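Asks: Numbering (my numbering), first residue to last: 5 to 700.
Input: one structure, supplied below.
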């Protein structure tokens, strides 16, 4: 920038004026310092204004600090914050050797450099060097633009002394690395390195480092994307200078000069663009947003979404969310197939779009049935034509399987068994559980949850559905998705129980046996597909022992796509995503305490077959009432009274059988300590009633 000025002669009159004020200014500055104006310097330091607040581009980074997406300043400039730690140490050494060899020893203005520059200018009738230190260059970059006059030069000297009074040498270097111009709208060494080399400046070749040293001296005239020959010549002069100073060896310089020159600007990173925009909009006060994403994984899945979705057809898009089961941190967030593809509405965040979930809510119906004890994975259930009020649901293929296990009914995603179970557990209860877990459900205005919601008659977002499946993978505990890493220790994240641990494990074991899509290896991830009415949305949700992945495929405008099904479109994408995440999926957790692993014949009689018969007198728990508080200890036995039902009656506490009676309607139970207990009575016909009591 100032170590070496243009070597050509200036026009006579301007040259004389230039040399007069430059020489005078340099001599004056040197004289002030050499004359020992120490009292003035002490006063200047004591009364210096605060260090400059430099506005930098907002940037979103991944969990390891790798850049996902930067944002230009309002005026269009790219200025990425940089510190000495962000840059290759060899580049720092080359900048100091070329620009300011006494940087560590002077106080902002180098008297020897000023005297040398004045003498060179007077003797050569041209400006050989300007005598500016790195601190003076930072001062010029932080001051308002001014014409090149003696007053401007003196103002830079004063500001340089002020900077040295407030900042350490590494902080001043950081300002230079952030503010140095590199041509066009590129400022700072990080933006330049990303633009010209496609990488952060942490590890540079010698040729790359030399180019970054040379460009700020004449950023527009030496832009490699426009003037490659000039840029090469400037780079080689830097290398020659450093060779003459003994900073580089001859063989290093020879190799560096042979390096190719970048001839075009590269696009800056644009990973997870939708999430990055949202994070910046949420916290516009931050310049650096630390996300939970994993940049290499994000890049792999964005590439996968582009490839697979283009193969599916024109106008289609997709979205994927990957979360860590233990922490609920989001590791990848692909909100569309291609952010820049207007034909696919790439700028729309489809991971947060409200869509019909198809059959993907069925596992939660089964989980509530398992929790209540009215079904077990080996319970037999009927898949036959049935009418619920005026509605007669059918299976996807219009056929019926007859009598089969609950496990098989879930794996085959049969509609009638799911509606039978939802009728028993209640659609309002299902909706309440999902909403309490943090999912946002969208129903038509004025509508209440009803049986069709089990087959997709409700709106939900991919982010919420991924969170719900993550709760199944975590043993039933729901946790809001986490997107930011900063500030997480300030407030504990909200947790809620979606279903109990045994019910969640049962569901996971059932889904582990779901038939895999063509050419995929089954039995390694628990997954469920879904297809909305009219082939508008296809889904595939899956989890292993460590992570949960949600996939949506469809048209952003909601138009129907013939034959677009979860199994054909979304499931292959889900399995491909797992293949890119990990070679071998992690196994699911072991059976929790209370899980019953038994064949149908060894289950309690009421659990062997669900809903085979109906009876005139309904089953009802008459004491204690739902929500009652009862006193008791582990040593006491409490009575539960029932009306109706067909013998034998079975009592389940928190989903586990604890008592059975053959000929009376009073059952006795022993509390397992203080707290809430969920009590369910089921009869031989499969009818049930439940209450929740608090033992004090």
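All C-beta atoms in this analysis are idealised placements derived from N, C-alpha and C, irrespective of residue type, glycine included.
Since the structure is predicted, the reported quantities are computational estimates derived from the model, not experimental observations.
With three or more beta-carbon pairs closer than 8 Å as the criterion, would you say the segment 197-214 touches the segment 77-92?
Replies: Cβ pair count under 8 Å is three or more, so yes.
Asks: Specify the secondary structure class of residue 265 as computed by DSSP and reduced to three states.
Replies: By one-based count along the chain shown, residue 265 stands at place 261. It is coil, neither helix nor strand.
Asks: Among the residues of its own chain, which have a CB less than 6 Å from the CB of residue 302, if the five just before and after it don't count?
Replies: As a working note, residue 302 is residue 298 in the chain shown. Cβ neighbours of residue 302 beyond the five flanking positions: 275, 276, 336.
Asks: Could you tell me if residue 306 is buried or exposed, where buried requires 16 or more neighbouring beta carbons within 10 angstroms of its beta carbon?
Replies: Within the chain shown, the letter at position 302 stands for residue 306. By the 10 Å Cβ count, residue 306 comes out buried.
Asks: Would you identify the three-state DSSP class for residue 296, choosing helix, strand or coil?
Replies: Residue 296 sits at position 292 when you count from the first residue of the chain shown. If DSSP states are grouped into helix, strand and coil, residue 296 belongs with coil.
Asks: Please check the pair residue 505 and residue 479, which I expect to be a contact at CB under 8 Å, by giving their CB distance rounded to whole angstroms.
Replies: On the chain shown, position 501 is the one that residue 505 refers to. On the chain shown, position 475 is the one that residue 479 refers to. Contact flag correct, Cβ pair sits at about 4 Å.
Asks: Assuming residue 425 and residue 373 make a contact with CB atoms under 8 Å, what is their CB distance in whole Å?
Replies: As a working note, residue 425 is residue 421 in the chain shown. As a working note, residue 373 is residue 369 in the chain shown. The Cβ separation is near 5 Å, so the contact holds.
Asks: Looking only at DSSP bridge pairs, what is residue 337 linked to?
Replies: To locate residue 337, count along the chain shown from 1; it is residue 333. Answer is 325, bridged to residue 337.
Asks: Comparing C-alpha positions only, which one of 537, 173, 521, 421 sits nearest to residue 531?
Replies: Numbered from 1 along the chain shown, position 527 holds the residue referred to as residue 531. It is 521.
Asks: Assuming residue 437 is part of the alpha helix (DSSP H), what are its boundary residues?
Replies: As a position in the chain shown, residue 437 is number 433, starting the count at 1. Run containing residue 437: 431-440, per the alpha helix (DSSP H) assignment.
Asks: DSSP three-state label for residue 427, please.
Replies: For this step, residue 427 is matched to residue 423 along the chain shown. If DSSP states are grouped into helix, strand and coil, residue 427 belongs with the helices.
Asks: In angstroms with no decimal places, state the Cα-to-Cα distance between residue 555 and residue 452.
Replies: Looking up residue 555 in the chain shown gives position 551. Looking up residue 452 in the chain shown gives position 448. Rounded to the nearest angstrom, the two C-alpha atoms are 27 Å apart.
Asks: With 16 other CB atoms within 10 Å as the buried threshold, where does residue 172 fall?
Replies: As a position in the chain shown, residue 172 is number 168, starting the count at 1. Exposed, by the Cβ-count rule.
Asks: Is residue 243 helix, strand or coil by DSSP?
Replies: Taking the first residue of the chain shown as position 1, residue 243 is located at position 239. The answer is helix: DSSP assigns residue 243 an H, G or I state.
Asks: Considering just the uninterrupted stretch of the beta strand (DSSP E) at residue 385, what are its terminal residues?
Replies: Along the chain shown, read from residue 1 onward, the residue named residue 385 stands at position 381. Residue 385 -> beta strand (DSSP E) spans 384-387.
Asks: What three-state label does DSSP hand residue 555 in the structure shown?
Replies: Within the chain shown, residue 555 is the residue found at index 551, counting from 1. Correct three-state label for residue 555: strand.
Asks: How long is the line joining the alpha carbons of residue 248 and residue 150, rounded to whole angstroms?
Replies: The count along the chain shown starts at 1 and reaches residue 248 at position 244. The count along the chain shown starts at 1 and reaches residue 150 at position 146. Rounded to the nearest angstrom, the two C-alpha atoms are 35 Å apart.
Asks: Enumerate in chain order the residues of its own chain whose CB-to-CB distance from residue 297 is below 7 Å, with the five nearest sequence positions on each side excluded.
Replies: For the purposes of this step, residue 297 is taken as residue 293 along the chain shown, with counting starting at 1. So the qualifying residues of the chain are 66, 67, 72, 276, 334, 335, 336, 337.
Asks: Under 6 Å Cβ to Cβ from residue 312, same chain only, skipping five residues before and after it: list those, please.
Replies: The residue labelled residue 312 in the question sits at position 308 within the chain shown. Hits under 6 Å: 577.
Asks: Excluding the 5 residues preceding and the 5 following residue 537 in the sequence, name in chain order all residues of the same chain whose CB lies nearer than 7 Å to its CB.
Replies: Residue numbering aside, residue 537 sits at position 533 when the chain shown is read from its first letter. Around residue 537: 360, 460.
Asks: Determine the direct distance from the alpha carbon of residue 112 to that of residue 156, and round the result to whole angstroms.
Replies: For the purposes of this step, residue 156 is taken as residue 152 along the chain shown, with counting starting at 1. For the purposes of this step, residue 112 is taken as residue 108 along the chain shown, with counting starting at 1. C-alpha separation (whole angstroms): 16 Å.
Asks: Can you tell me the Cα-Cα spacing of residue 324 and residue 471, whole angstroms?
Replies: Translated into the one-based positions of the chain shown, residue 324 becomes position 320. Translated into the one-based positions of the chain shown, residue 471 becomes position 467. Computed Cα separation, rounded: 12 Å.
Asks: How is residue 378 classed by DSSP in three states: helix, strand or coil?
Replies: Indexing the chain shown from 1 puts residue 378 at position 374. Correct three-state label for residue 378: coil.
Asks: Could you check how far apart the C-beta atoms of residue 257 and residue 217 are, in whole angstroms? I think they sit under 8 Å.
Replies: The residue labelled residue 257 in the question sits at position 253 within the chain shown. The residue labelled residue 217 in the question sits at position 213 within the chain shown. Rounded, the Cβ-Cβ distance is 13 Å, inconsistent with contact.
Asks: Give the straight-line distance between the Cα atoms of residue 367 and residue 209, rounded to the nearest whole angstrom.
Replies: Along the chain shown, one-based indexing puts residue 367 at 363. Along the chain shown, one-based indexing puts residue 209 at 205. Roughly 55 Å between the two C-alpha positions.
Asks: With a threshold of 16 other CB atoms inside 10 Å of the CB of residue 329, please say whether the residue is buried or exposed.
Replies: Position 325 of the chain shown, counted from the start, is the residue given in the question as residue 329. Its Cβ being crowded by 16 or more others within 10 Å, residue 329 is buried.
Asks: If I follow the unbroken beta strand (DSSP E) through residue 725, where does it start and stop?
Replies: Past the boundaries of the shown model lies residue 725; the chain is included only from 5 to 700, so the question cannot be answered.
Asks: Smallest Cα separation from residue 524: which of 535, 363, 572?
Replies: Mapped onto the chain shown, residue 524 falls at position 520. Closest by alpha carbon: 572.
Asks: Can you tell me which of the three DSSP states residue 536 falls into?
Replies: Along the chain shown, read from residue 1 onward, the residue named residue 536 stands at position 532. Here residue 536 sits in coil by DSSP.
Asks: Let me know the secondary structure DSSP gives residue 64 once reduced to three states.
Replies: The count along the chain shown starts at 1 and reaches residue 64 at position 60. Residue state, collapsed to three classes: strand.
Asks: Tell me where the beta strand (DSSP E) around residue 542 begins and ends.
Replies: Sequence index remark: in the chain shown, residue 542 carries index 538 (1-based). It spans 541-547 - the beta strand (DSSP E) in which residue 542 sits, taken as one unbroken run.
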